[in-house]
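What follows is a short report on a single structure.
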């Protein structure tokens, strides 16, 4: 048994696995699905008979030309098709997953494929024509509360926060190198002989990395005690039923809207993720550390239609690489987002979608996921993140 | 629901994550398992194991593609279960399809063999050079362990076309591995 090839096949690249999964039978064909074993048997038997006939004919010494002619007329040869014919229809390239790590699985640029009925004809026509268009396919979008606030995040000043935490939790045994605002502050300390790494992210998340679940529990206890005193830290524990990882997290909300830290969080995950097993304790700074600096009424906020106009005006992406692209926006949700430059936390629209853009004039395009954060008051685009799909 | 939202539920340890995964990719995982495990009962148990594994691995894992990740878990679980149940027997879909490939690697000595990792890299490079249709047929047959008949139906072509494609691809793979220094 050559087990190596089995294991090698198990390691086939994800993009090929997904490519094969996406091939579906085109609608409208009459052939039924091969379900029953009796049907399979019948087909096999018939074809064996034809095979025998062919062998006999060949054995009887028919000329090569005659045999070739017969073989061409035989029923099994009629189904042969040239690779790449239309039956290799690929389902919609609309992404099923906005994966968190672009370089991990980003496939090579695809040449233009026929897109199935998942996209309507108008979008398909725009893609085929290499037009530069924006489409909205937003089924429903959330609404902002009547009044929303803008906030400053004073706790972002890690230097003011960290010494207090250090003294209360870890004593003097702390190797701390503060980073600049907007950077990740990294430090480490020893707990029961094990080095625990601490990362403070500019949007207020603190992650503790350690290898032992027991250490994580101890850190959680220490943080709980600290919370009971006066730092005001809080988090909720969601224990897991496995030993590989433990995650303690408190997801922040403001005015009932989520604080959009997804991509920052994904970034944080990337450091601990698959390459090394970590036990994770996450902590978000408490909302009472935030100070409101003013409120806005819903009248002063953009509507989804305004966002659409903004994106049209911006020609969708400020950093779009090619000249022509078709964008399909699929959702538009209100969030709070941390503007790391100003240190403000402001209401914003998060727009999710897909972008088809063209590299050249030869029919090739790539698809990217779009995540746009648009300031809900000014229409300014906070951030635009694309990801190869 | 987008995969990122489902992953968010996993990271928040919400059981809704599993419901949403089943809703979106349940039939996909089931198809993979059923290709390998003919018994419906075994398949159900295997799928339960797959979702349990998924729940325990995310986090800390953060798969770039939830679909591919789930598919890999389903395939590995089904093959493990199949091997355990058929340790002494041969035959069956998965073993049959994979045994077709064994001739490509031959019986080399331990020193001559490439590591599995190197072989995987070679295989992926080889697949990258195939036409799309041949690659899809190859992956469907040997990764998804689908029957020739099933592949022919999905690709809307004859079984002969599929068999010929597989035969030629195996032959090319054998030559490719030989050229790359893998002793045949």
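Residue numbers (this note's numbering), protein chains in the order written: chain A, 7 to 395; chain B, 2 to 185.
Note that CB positions come from ideal geometry on N, CA and C, so glycine has one too.
If you follow the alpha helix (DSSP H) that residue i is part of, which residue opens it and which one closes it?
| i | result |
| --- | --- |
| residue 67(B) | 67-86 |
| residue 134(A) | 127-134 |
| residue 22(A) | 20-28 |
| residue 56(B) | 41-58 |
| residue 4(B) | 4-12 |
| residue 170(B) | 160-180 |
| residue 139(B) | 133-143 |
| residue 20(B) | 17-37 |
| residue 121(B) | 117-129 |
| residue 151(B) | 149-156 |
With a cut-off of 8 Å on the beta carbons, I'd call residue i and residue j a contact; round off their distance for me.
| i | j | result |
| --- | --- | --- |
| residue 149(A) | residue 340(A) | 7 Å |
| residue 10(A) | residue 140(B) | With a Cβ gap of about 18 Å, residue 10(A) and residue 140(B) do not count as contacting. |
| residue 154(B) | residue 23(A) | Actually they do not touch by this definition, with Cβ atoms about 19 Å apart. |
| residue 7(B) | residue 21(B) | 5 Å |
| residue 48(B) | residue 30(B) | 6 Å |
| residue 159(B) | residue 138(B) | So it is not a contact: roughly 12 Å between Cβ atoms. |
| residue 72(B) | residue 33(B) | 6 Å |
| residue 380(A) | residue 316(A) | 6 Å |
| residue 77(B) | residue 18(A) | About 12 Å; that fails the 8 Å criterion. |
| residue 300(A) | residue 155(A) | 7 Å |
| residue 178(B) | residue 131(B) | With a Cβ gap of about 14 Å, residue 178(B) and residue 131(B) do not count as contacting. |
| residue 14(B) | residue 43(B) | Wrong, their Cβ atoms sit about 29 Å apart, outside the cutoff. |
| residue 127(B) | residue 60(B) | About 34 Å separates the two Cβ atoms, so there is no contact after all. |
So which residues on chain A does residue i lean against when the C-beta distance must stay under 8 Å?
| i | result |
| --- | --- |
| residue 136(B) | 22, 25 and 26 |
| residue 77(B) | 16 |
| residue 51(B) | Correct list: empty, because the minimum Cβ distance to chain A is about 15 Å. |
| residue 128(B) | 18, 19 and 22 |
| residue 140(B) | 18, 22, 23, 25 and 26 |
Going by other Cβ atoms of all chains shown within 10 Å of its Cβ, with 16 needed for buried, is residue i buried or exposed?
| i | result |
| --- | --- |
| residue 4(B) | buried |
| residue 359(A) | buried |
| residue 357(A) | buried |
| residue 57(A) | Residue placement at residue 57(A) cannot be trusted, given a pLDDT of 39 that sits under 50; what the coordinates show is reported in the next sentence. Classification for residue 57(A): exposed. |
| residue 66(B) | buried |
| residue 27(A) | buried |
| residue 14(A) | buried |
| residue 135(A) | exposed |
| residue 182(B) | exposed |
| residue 298(A) | exposed |
| residue 84(B) | exposed |
| residue 201(A) | exposed |
| residue 199(A) | exposed |
| residue 86(B) | exposed |
| residue 161(B) | buried |
| residue 103(A) | Note on residue 103(A): pLDDT 28, under 50, position unreliable in the model; the coordinate value appears next. Buried: at least 16 other Cβ atoms inside 10 Å. |
| residue 145(A) | exposed |
| residue 168(B) | exposed |
| residue 65(A) | Only weak support is given to the placement of residue 65(A): the predicted model assigns it a pLDDT of 39, under 50, and the question is left unresolved by the model. |
| residue 39(B) | exposed |
| residue 126(A) | exposed |
| residue 157(B) | buried |
| residue 318(A) | exposed |
Taking the beta strand (DSSP E) that residue i belongs to, which residues open and close that run?
| i | result |
| --- | --- |
| residue 375(A) | 371-381 |
| residue 141(A) | 139-142 |
Along chain A, which residues have their Cβ under 7 Å away from the Cβ of residue i?
| i | result |
| --- | --- |
| residue 186(B) | Limits of chain B in this structure are 2 at one end and 185 at the other, which puts residue 186(B) out of reach. |
Just the chain A side, please: which residues come within less than 9 Å of residue i by C-beta, in chain order?
| i | result |
| --- | --- |
| residue 72(B) | 20, 23, 24 and 27 |
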